[in-house]
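Undergrad: Have a look at the structure that comes next, please.
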Amino acid sequence: MRLKTLEAAELVHWTVVPTTPVMVRHHRTPRGVDLITALRPIAGHVQRCEGEGGPIGS
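Once you know that position 9 of the sequence shown is 9 in full-length UniProt numbering, the rest is easy, because the numbers rise by one and skip nothing.
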């Protein structure tokens, strides 16, 4: 996903640091943190299934 898409979904926000050159920092929003928290168990399950050598659901 592009950062602008994630920002539009309120999953990340960014701040500009006034340095030379200008630096932009991206941070997860509380909504983004909640999404990651919800997806971690699913990602772990997928990794375990793939580690067993078969496609998911086999």
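Glycine included, every Cβ here is placed at the ideal spot set by N, Cα and C.
#1: So G32 packs on L11, CB below 8 Å; how close in whole Å?
#2: Between V16, M1, A9, which lies nearest to P30 when the distance is taken from Cα to Cα?
#3: Are the CB atoms of H26 and L3 within a distance shorter than 8 Å?
#4: CA-CA distance, V17 and E7?
#5: Just to confirm the assignment, what range does the alpha helix (DSSP H) spanning T5 have?
TA: In brief:
#1: Between L11 and G32 the Cβ distance is about 4 Å, and since that is below 8 Å, they are a contact.
#2: A9
#3: yes
#4: 18 Å
#5: 3-8
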